[in-house]
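Last residue of the sequence shown: 363 (my numbering), numbering continuous.
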Amino acid sequence: MAFFAQQLGIEHPLIQAPMAGASTPELVAAVSNAGGLGSLGVGYAEPQTILDQAARIRMLTGAPFALNLFVLPDNVEPDMAAVARARVRLDALMEREGLDARTTLPARWAPRFSEQFAALCEARPAVASFAFDLPTPAQMQELKQRDIYVIGTATTAAEARAWAERGANAVCVQGAEAGGHRGGFLHAGETPLIGLFALIPMAVRAITECCGDVPVIAAGGIMDGAGMLAAEALGAAASQLGTAFLACPESSAAEAWKHDLATAEDHGIATIRSFSGRAARGLRNRYVEAMEGVAGELPAYPVLNALTAPLRRAAAAAGRADLVSEWCGQAAARVRPQPAAELVARLMHEYRLARRTLAH
Numbered sequence: 004m005a006f007f008a009q010q011l012g013i014e015h016p017l018i019q020a021p022m023a024g025a026s027t028p029e030l031v032a033a034v035s036n037a038g039g040l041g042s043l044g045v046g047y048a049e050p051q052t053i054l055d056q057a058a059r060i061r062m063l064t065g066a067p068f069a070l071n072l073f074v075l076p077d078n079v080e081p082d083m084a085a086v087a088r089a090r091v092r093l094d095a096l097m098e099r100e101g102l103d104a105r106t107t108l109p110a111r112w113a114p115r116f117s118e119q120f121a122a123l124c125e126a127r128p129a130v131a132s133f134a135f136d137l138p139t140p141a142q143m144q145e146l147k148q149r150d151i152y153v154i155g156t157a158t159t160a161a162e163a164r165a166w167a168e169r170g171a172n173a174v175c176v177q178g179a180e181a182g183g184h185r186g187g188f189l190h191a192g193e194t195p196l197i198g199l200f201a202l203i204p205m206a207v208r209a210i211t212e213c214c215g216d217v218p219v220i221a222a223g224g225i226m227d228g229a230g231m232l233a234a235e236a237l238g239a240a241a242s243q244l245g246t247a248f249l250a251c252p253e254s255s256a257a258e259a260w261k262h263d264l265a266t267a268e269d270h271g272i273a274t275i276r277s278f279s280g281r282a283a284r285g286l287r288n289r290y291v292e293a294m295e296g297v298a299g300e301l302p303a304y305p306v307l308n309a310l311t312a313p314l315r316r317a318a319a320a321a322g323r324a325d326l327v328s329e330w331c332g333q334a335a336a337r338v339r340p341q342p343a344a345e346l347v348a349r350l351m352h353e354y355r356l357a358r359r360t361l362a363h
């Protein structure tokens, strides 16, 4: 654990998950200033926005931070008949719910990854993390030439091995409990959903057998310092927490979303495809239930994500959290609303207390 933190130049073996759409430069800087590694999710951002947000973080902290991207093809060519059917369903839902918004056909379904990647390299964060696929060998080489530490996201031992073989400096293993989008790439659909505490030792073994000592980071359902210590006992070098930071004032999650986290029931959190076209963990709300019967017919990510954007914006503006993507991990109800720096201090106090308790 200490060696991993030393590698990154941080004090604590704690990473704030990127959480594209909910993380902010202020949240990232607060975590990094408190000794953890703040991470900004820029998977939805255009290149100039990436540069601007990285500059904003540097105005707020001189500590290391991470930028996170989704590895996607530059060009998306969807089935336009399926797009048309999805638009009819989404427009009808918005009309029923009284939202003054309708779907549109965007000029582009998502930012081009190659252009995002170039902006990330120009921004030159201490750490770059990736999900949804592997960067090319040439892209990995470019990151290494810029001394950018690379963290890859894996949902299985095979994916962890693939990242290690591609040259990642560390691998973040995402258990089934983790909130937000599934970061995997070798397996189709919503599967596999491997629990974190089963996945950690399997990933450590797979990586060690092929590539030696590559740190593994644990993500999924960890909400306190005791959970961090438990992950360490299974072989993790650090823990990545996302939902724990969603309720912080520095998070840009809508207030209604933050409120719903505190009252979330464990059986009300599910793997959802109907918001973005890609499996993601979050609250089963009114929208999810309304689209349940047709979720399998909707376009894949990033097409559906672009189509539902007007709905999500209008619902957020109307305070309708039941119609937005309320991403969260399995233990969402354990959120503790407080400033991010205070939460980091609390987590590390709990971690040290748990370690002392086990030592007696």
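For each residue, glycine too, the CB sits at the ideal point set by N, CA and C.
Cβ of residue i within 8 Å of Cβ of residue j?
i: residue 123; j: residue 131; result: yes
i: residue 250; j: residue 342; result: no
i: residue 79; j: residue 306; result: yes
i: residue 129; j: residue 39; result: no
i: residue 290; j: residue 326; result: yes
i: residue 286; j: residue 331; result: yes
i: residue 229; j: residue 242; result: no
i: residue 41; j: residue 32; result: yes
i: residue 234; j: residue 338; result: no
i: residue 126; j: residue 179; result: no
i: residue 182; j: residue 143; result: no
i: residue 274; j: residue 196; result: yes
i: residue 253; j: residue 30; result: yes
i: residue 37; j: residue 267; result: no
Whole angstroms is fine: what's the gap from residue i's alpha carbon to residue j's?
i: residue 166; j: residue 203; result: 15 Å
i: residue 186; j: residue 43; result: 16 Å
i: residue 20; j: residue 133; result: 12 Å
i: residue 77; j: residue 49; result: 13 Å
i: residue 255; j: residue 24; result: 7 Å
i: residue 137; j: residue 155; result: 8 Å
i: residue 239; j: residue 184; result: 21 Å
i: residue 54; j: residue 28; result: 12 Å
i: residue 17; j: residue 84; result: 45 Å
i: residue 271; j: residue 334; result: 11 Å
i: residue 280; j: residue 308; result: 6 Å
i: residue 223; j: residue 322; result: 28 Å
i: residue 358; j: residue 111; result: 50 Å
i: residue 311; j: residue 109; result: 11 Å
i: residue 115; j: residue 356; result: 46 Å
i: residue 22; j: residue 70; result: 11 Å
i: residue 66; j: residue 10; result: 13 Å
i: residue 231; j: residue 120; result: 31 Å
i: residue 191; j: residue 168; result: 21 Å
i: residue 293; j: residue 263; result: 18 Å
i: residue 15; j: residue 8; result: 6 Å
i: residue 296; j: residue 201; result: 32 Å
i: residue 211; j: residue 59; result: 38 Å
i: residue 68; j: residue 34; result: 9 Å
i: residue 216; j: residue 208; result: 10 Å
Tell me which same chain residues have a C-beta within less than 8 Å of the C-beta of residue i, skipping the five on either side of it?
i: residue 104; result: 97, 313, 314, 316, 317
i: residue 269; result: 333, 334, 336
i: residue 86; result: 108, 302, 306, 310
For residue i, which residues in the same chain have their Cβ closer than 7 Å to its Cβ, ignoring the five residues on either side in sequence?
i: residue 206; result: 157, 160, 163, 174, 176, 219
i: residue 135; result: 73, 74, 75, 186, 188
i: residue 145; result: 124
i: residue 93; result: 106, 310, 311, 314
i: residue 213; result: 164, 167, 168
Taking buried to mean at least 16 other C-beta atoms within 10 Å of its own C-beta, is residue i buried or exposed?
i: residue 6; result: exposed
i: residue 352; result: exposed
i: residue 62; result: exposed
i: residue 101; result: exposed
i: residue 91; result: exposed
i: residue 150; result: exposed
i: residue 139; result: exposed
i: residue 26; result: buried
i: residue 51; result: exposed
i: residue 258; result: exposed
i: residue 363; result: exposed
i: residue 99; result: exposed
i: residue 320; result: exposed
Ordered along the chain, which non-local residues of its own chain (more than five positions away) have a Cβ less than 6 Å from that of residue i?
i: residue 260; result: 324, 329
i: residue 172; result: 152, 153
i: residue 247; result: 226
i: residue 276; result: 282, 298
i: residue 245; result: 20, 22, 182
i: residue 81; result: 302, 306
i: residue 278; result: 311, 328
At a Cβ threshold of 8 Å, is residue i touching chain C?
i: residue 257; result: The displayed structure is made up of one protein chain only, and chain C is not part of it.
For residue i, is the beta carbon positioned less than 7 Å from some heavy atom of the ligand ATP?
i: residue 224; result: Questions concerning the ligand ATP fall outside what the structure shown contains, since it holds no ligand whatsoever.
**OP:** Mind listing, in chain order, the continuous alpha helix (DSSP H) runs of no fewer than 4 residues lying wholly within the segment 108-135?
**Re:** 116-126
Subject >> Segments of 3+ residues assigned as beta strand (DSSP E) that fall wholly inside the segment 14-101 >> reply: Contiguous beta strand (DSSP E) elements confined to the segment 14-101 occur at 17-19, 41-44, 68-73, taking only those with 3 or more residues.
Original post:
At what residue ranges does the segment 219-268 contain a whole run of the alpha helix (DSSP H), taking only runs of 4 or more?
Top reply: 228-236, 246-249, 258-265
Original post:
In chain order, which beta strand (DSSP E) runs of at least 3 residues are fully inside the segment 171-215?
Top reply: Within the segment 171-215, the beta strand (DSSP E) runs of at least 3 residues that lie entirely inside it are, in chain order, 173-177.
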